[in-house]
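2 protein chains.
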Amino acid sequence: MTTAKTKILLAEDDENLGLLLKEYLKAKGFETNLFANGELAFRDFVKTQYDICILDVMMPVKDGYTLAKEIRQIDEEIPIIFLTAKSMKEDVIEGFSIGADDYITKPFSMEELLFRIEAILKRTSSSYKAPPAEEFKIGKYVFDVKKQTLQLGDKITRLTTKESELLKLLCTHQNKILDRNFALKTIWLDDNYFNARSMDVYITKLRKYLKEDDSVEILNVHGKGFKLVM
Amino acid sequence: MTTAKTKILLAEDDENLGLLLKEYLKAKGFETNLFANGELAFRDFVKTQYDICILDVMMPVKDGYTLAKEIRQIDEEIPIIFLTAKSMKEDVIEGFSIGADDYITKPFSMEELLFRIEAILKRTSSSYKAPPAEEFKIGKYVFDVKKQTLQLGDKITRLTTKESELLKLLCTHQNKILDRNFALKTIWLDDNYFNARSMDVYITKLRKYLKEDDSVEILNVHGKGFKLVM
DNA sequence: TCTGCGAGTTAAAAAGTGTTAAATTACCAC
DNA sequence: GTGGTAATTTAACACTTTTTAACTCGCAGA
């Protein structure tokens, strides 16, 4: 990695808080770009190399949770920290924390934020040599997430992006139920009827790919979702 | 050329702490002038070349913030570190709005102070700037951006401008999705249909160049863009 | 048992991409 | 300017990915 300044994307609609954080982070040696809503932040995200994202959950135009999902579509690795109001229900926060590396409830001290940023950077960039072998073993198959391939023996099948994303979710939830709506929101960003039907089509495709090994199966849990058992 | 000692202005009314710090910093190779209040410190600041200022916030005659403002009138660049017993909030806001570079709350360890001084000097010491990577390693290949060449072993391929620009964008987004429209606007300045097709042609060319190393691949993400995985 | 909705499957439609080659444009030496 | 060459764009056609549609089956509650 380079020794360049750590670049932070900060999405915060409260201008006072936003500028304050930006100043503080600048003083701490970070380069911070501040955006007043998720839409503006995303537009910049696609064209700038950031090291970490700090997102307020409640913002106009595009909220932090939606923004995070879009960011995850482009980069599944980049650390994301959510800023949430204390008043939020814990289950909501728990939901938000999925896909996030950390979250902080308002009000918080800036030292606390700094501490968490450093903690995350320490475990992501310093030991950046360890790219967690993005590989899942599914019965006799080997699923390479990064390259989107499924290998059985010496036969390599190239998966499409959607196939790969769905299979990855199933793998990370192996032997547990992958909630339909969660998967839809994660991959399709919206859990409407058509996307749900589209997902069913992909389940069929994945089952076809995996049918060579009887020890592997994608089960349906009526009204809940799917479960990859092995 | 010998590097001159770093000169520190220390404004601290607590004589014990002041002398202690001065001694410590001297031991660490800094030259420190100690003043018991803001007024004395400022009188000396106007006639001496300092590299960094460490100011206690609460001092008699003239407090640290006032002193900092006066210093900023004369030099808007010089690093300022505040020392304060108060914890956070309003103090920080005021401190940063003046343009403080760092902020330490008492009590603090002297190692901590030293660490922060060094951190600040490191990033302020003139034009410390990471050179924007001239070279990308792409699997077994070496891509020289400036020269527009792609090297594999001893075979050097000369890239055209467009090829090079596109490959550079892919590299700066490695393992992330390079958004189609962003790339088009960046390289072609316009994301119309024909430019999009032109870009596809270049993707084909780049894939041909990179096909000697299986660990490198340019994946398409349907409707979004391309991803250089490695 | 009937009924409604979720799920399985296949196929077609719609949009996006891969690739090659021809056409055009830009560039350079003369 | 002219001619030659390389770079880039446009065209053409084949193919993929994803979504939508259509028809089917099956689960679970009334």
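For the protein sequence lines, the chains are D and U, in the order given.
160 is the number that the working numbering gives to position 159 of the first sequence; each next residue is one higher, with no gaps.
182 is the number that the working numbering gives to position 181 of the second sequence; each next residue is one higher, with no gaps.
Glycine included, each C-beta is placed from N, C-alpha and C at the ideal position.
DSSP, reduced to helix, strand and coil, places U/VAL202 within a helical segment of the structure shown.
The Cβ-Cβ distance between U/GLY226 and U/LEU179 falls below 9 Å.
Shown here for U/GLY30: same chain residues with a beta carbon closer than 8 Å to its own, the five before and five after excluded, namely LYS6 and THR7 in chain order. At a C-beta separation below 8 Å, U/VAL230 has these neighbours in chain D: LYS147 and LYS148. Residues of chain D with a Cβ closer than 8 Å to the Cβ of U/PHE183 are, in chain order, VAL47 and LYS48. Neighbours of D/THR162 in chain U, taken as residues whose beta carbon is under 7 Å from its own, are VAL222 and HIS223 in chain order. Secondary structure note for U/ILE55: its beta strand (DSSP E) is the uninterrupted segment 53-57. The three-state reading of DSSP puts D/ASN196 in helix, counting H, G and I together. Cβ-Cβ separation between D/ASP191 and D/ASN182: approximately 10 Å, too far for a contact (criterion under 8 Å). For U/ASN221, the uninterrupted beta strand (DSSP E) run begins and ends at 218-222, by DSSP. Each residue's CA atom was taken as its position, placing U/LYS63 and U/ILE82 some 16 Å apart. D/TYR51 is the residue among D/LYS209, D/THR150 and D/TYR51 whose C-alpha sits nearest the C-alpha of D/ILE72.
At the C-beta level, D/THR67 and D/GLY39 come within 9 Å of one another. DSSP, reduced to helix, strand and coil, places D/THR67 within a helical segment of the structure shown. Within its own chain, the residues whose Cβ lies closer than 7 Å to the Cβ of D/GLY140, once the five positions on either side in sequence are excluded, are ASP214, SER216, VAL217 and MET231, listed in chain order. Under the DSSP assignment, U/LEU26 falls in the alpha helix (DSSP H) whose first and last residues are 16-28. Around U/LYS177, the beta-carbon contacts reaching into chain D at under 7 Å are ILE75 and ASP76. The C-beta separation of D/ILE9 from D/ILE53 comes to about 5 Å, placing the pair in contact by the 8 Å criterion. Contact of U/ASP180 with chain D is assigned, a C-beta pair being separated by under 9 Å. For the 9 Å CB-CB criterion, D/PHE36 and D/GLU13 form a contact. Cβ neighbours of U/MET60 within its own chain (closer than 7 Å, five residues either side excluded): ALA12, ASP14, ASN38 and GLY39.
At a Cβ-Cβ threshold of 9 Å, U/LYS138 and U/ASN176 do not count as neighbours. Membership of U/THR173 in the alpha helix (DSSP H) is indicated by the continuous run 162-173.
From the listed residues U/PHE116, U/LYS206 and U/LYS186, the smallest Cα separation to U/LEU151 is found for U/LYS206.
The beta carbon of U/THR85 does not come within 9 Å of any beta carbon belonging to chain D, so the residue lies off that interface.
Residue pairing for D/ILE105: DSSP places it in a beta bridge opposite D/LEU84. Residues of chain D with a Cβ closer than 8 Å to the Cβ of U/GLU218 are, in chain order, LYS148. Cβ-Cβ separation between D/PHE144 and D/CYS172: approximately 7 Å, consistent with a contact (criterion under 8 Å). Excluding sequence positions up to five before and after D/GLU32, its CB lies within less than 6 Å of the CB of LYS6 and LYS8, all in the same chain and listed in chain order. Take the alpha-carbon of D/LEU211 and the one of D/THR158: they are about 11 Å apart. Here U/ARG159 is bridged, per DSSP, to U/THR150. Its chain contains ILE188 as the residues whose beta carbon lies nearer than 6 Å to that of U/GLU166, once the 5 sequence neighbours on both sides are disregarded; these appear in chain order. Interface residue (Cβ-Cβ distance to chain D less than 9 Å): U/THR7 is not classified as such. Among the CB atoms of chain D, one or more fall inside 9 Å of the CB of U/THR173.
For U/ASN176, the secondary structure class from DSSP, reduced to helix, strand or coil, is coil.
Going by beta carbons, U/LEU115 and U/LEU26 fall inside the 9 Å limit.
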